[in-house]
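Each residue of the sequence shown is one higher than the one before, counting from 13 in our numbering.
The beta-carbon is built from N, C-alpha and C at its ideal position, and this holds for glycine as well.
Written out below as structure tokens is the structure these notes cover.
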Amino acid sequence: MSSVNDDGKWSKEAPHDVQESELYGQPERVEEDVFNDEDGHDIQYKTLSWQFVSLFMVAEIVSNGMLSLPNAMAAVGIVPAVILTIFLGIFGLFTAKLLIDFKLNHPGVHNMGDAGYIIFGPVGREILSAGTIVFALFAAGSELLSGQQALSTLSDNGLCAVYLVIIFAGATLLISIPRTLGQLSWLGLASVALIILCGLLAMVGAGRNPMPDRVVQATVTTNFYQAFLAITGPVFAYAGHFMFFILISEMREPQDAMKAAWCLQGFATIYYVIFSVVIYVYIGSTVASPALLSLPPIWAKAAFAVGLGNFLVSGALYTHTAAKLVFIRFFRHSRHVYSHTLLGWIVWVALCVAAVAAACILAIAVPIFSDLIGIAAALFAAWYTYGLAGFFWLHDVYHLKGGTQALRKRWFGTLLAVLTILAGAFICVAGTYVSIKLIIDAYKGHLVGKPFTC
């Protein structure tokens, strides 16, 4: 254990905000790397290079989220949508830098719950841990629905949608079972290749079959509700930071994590802009969400068939994340993490099954699930991707650089951190408002279906 003394240097005493405590019979030791001293262990976690981490980041972020971007562009116009997408890409890179610096300063941070414990204490740990699990399950449910849409399109709705979700959930479970992310690394590469090809097929299909009499506008006049509802697509298209701690924890060289973040944000921003502009220009204001549903059947089938692999891997990554957070919470620094123990494997498989089952039930039993995803994103992703980064910076400058004097000296960084926190708060409140209003309007308009229906 180590802490920071008055002159800003590390000492060997435990800091006041990170103390030894008992959790399910295991010492917490938040400042100690959860995957330390791996030589000779049966299961080795620190195997990922920054290249494969960047692929995982791209695979889970540039997934079905990009398919809603052309619809968002139709609602606000090309110019505001492009500006917002580029700004959010830069903002996401900035918050990723703050998150990665925090991880490097605190090697034992494995997930958002650990970060919450360091900054906010036990209550923060529980809230951020629960939020990570909930958001991961909702994201997995979204991928299951995308998989169901793909299978329904490919089969011409030849099988009940509920059965298709269950079939896709079974495949997702199989991929999520490996204990380490390194065992899934090549699937990450395949997933990225597939989502790129999916987007290319969609753009070619739209270009070959432009919508006659389409309406394409540079800007669109609208009210706050409609505008923010539209821009939630770009805002949450970058919402993958909640997985970064878990990904970086399994890197051979965590100090290279920023290279992965550069690859992610650079690729995602460029790809989002190109995809949304091309699809919107050829389809126009009637473009659907997901955008593939606006393509002619043959092109929609081709794009969905290719994208299916990405939806599968992304869903597995989300369920793997939820299961691993709980698994490490139970067995942190115990032999069950590193060895092939019967108890360890029983608990791990049970957690994966529970995560996939929960995502599956959400997807098929909650008629307003698509709208609830917006609430979950507003409540959690707004903070994980944007707002919390400001707290990370303020905490480390205060504790590692010299207290309030250091914050005053770094006034510009302090201002940016505070604005980042305020931005997260705004996105959280506004996103929650528009999502709840959307649900209310759906019930008023009798647009809500019934659970477990085809």
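- Cβ neighbours of LEU355 within its own chain (closer than 8 Å, five residues either side excluded): HIS348.
- If you ignore the 5 residues before and after SER158, its C-beta comes within less than 6 Å of the C-beta of ASN76 and PHE323, all in its own chain and listed in chain order.
- By the beta-carbon neighbour count (other beta carbons within 10 angstroms, threshold 16), PRO266 is buried.
- Taking C-beta atoms as the reference points, GLY143 and PHE381 fail to come closer than 7 Å.
- Checking the DSSP bridge columns, you'll see MET263 partnered with LEU60.
- Inclusion of GLY399 and GLU155 in the CB contact set at 7 Å is not warranted, their separation being larger than that value.
- Looking at ILE291, ALA314 and LYS313, the one whose alpha-carbon comes closest to that of ALA303 is ILE291.
- The Cβ neighbour count for ILE102, taken over all protein chains shown within 10 Å, is under 16; the residue is labelled exposed.
- Out of ALA251, TYR350, SER301 and THR432, the CA that lies nearest to the CA of PHE147 is found in ALA251.
- Our two residues, LEU60 and ASP45, have alpha carbons roughly 16 Å apart in a direct line.
- Between the alpha carbons of LEU166 and ALA317 lies a gap of roughly 7 Å.
- With a 10 Å radius around the Cβ and a threshold of 16 neighbouring Cβ atoms, PRO246 comes out buried.
- The beta carbon of THR231 sits closer than 7 Å to those of GLY89, VAL91 and PRO92, all from its chain and outside the five residues before and after it, given in chain order.
- PHE257 is a Cβ neighbour of LYS115, given a cutoff of 7 Å.
- Each of LEU105, CYS372, THR97 and ILE73 was checked against the Cα of THR432, and the nearest Cα belongs to LEU105.
- Annotated three-state conformation of GLY52 is coil, per DSSP.
- Our two residues, HIS352 and ASN123, have alpha carbons roughly 23 Å apart in a direct line.
- Of the other Cβ atoms in all chains shown, 16 or more fall within 10 Å of the Cβ of TRP62; this residue is therefore buried.
- For LEU213, the CB contacts under 7 Å within the same chain, skipping 5 residues up- and downstream, are TRP311, ALA314, ALA315 and VAL318 in chain order.
- One thing to note: TYR284 has its Cβ no nearer than 7 Å to the Cβ of GLY219.
- One thing to note: ALA367 has its Cβ no nearer than 7 Å to the Cβ of ALA389.
- Under the three-state reduction of DSSP, ASP225 is assigned to coil, being neither helix nor strand.
- Remark: C-beta atoms of ALA86 and VAL289 do not approach each other more closely than 7 Å.
- In the structure shown, SER346 adopts coil according to DSSP, grouped into three states.
- Excluding the 5 residues flanking it on each side, LEU206 has same chain C-beta neighbours closer than 7 Å at VAL318, GLY319, GLY321 and ASN322, in chain order.
- In terms of Cα proximity to ARG264, the closest of LYS58, ASN48, ASP54 and VAL227 is LYS58.
- Non-local beta-carbon contacts of MET223 in its own chain, meaning distances under 6 Å to residues more than five positions away in sequence, involve ILE295 and GLY296 in chain order.
- In the structure shown, LEU459 falls within a coil segment according to DSSP collapsed to helix, strand and coil.
- Note on the region 412-465: whole alpha helix (DSSP H) runs with a minimum of 4 residues are 415-421 and 423-456, in chain order.
- A distance below 7 Å between beta-carbons, with the five flanking residues on each side excluded, links MET270 to the following residues of its chain, in chain order: LYS109 and ILE112.
- The beta carbon of SER141 sits closer than 8 Å to those of ASN123, MET124, GLY125, GLY128, LEU337 and ARG341, all from its chain and outside the five residues before and after it, given in chain order.
- Annotation for MET215: PHE287, VAL290 and ILE291 place their beta carbon closer than 7 Å to its own, counting only its chain and skipping 5 residues before and after.
- Shown here, PHE47 sits in coil according to DSSP, grouped into three states, outside any helix or strand.
- Pairing ALA370 with LEU419, the inter-Cα distance amounts to about 43 Å.
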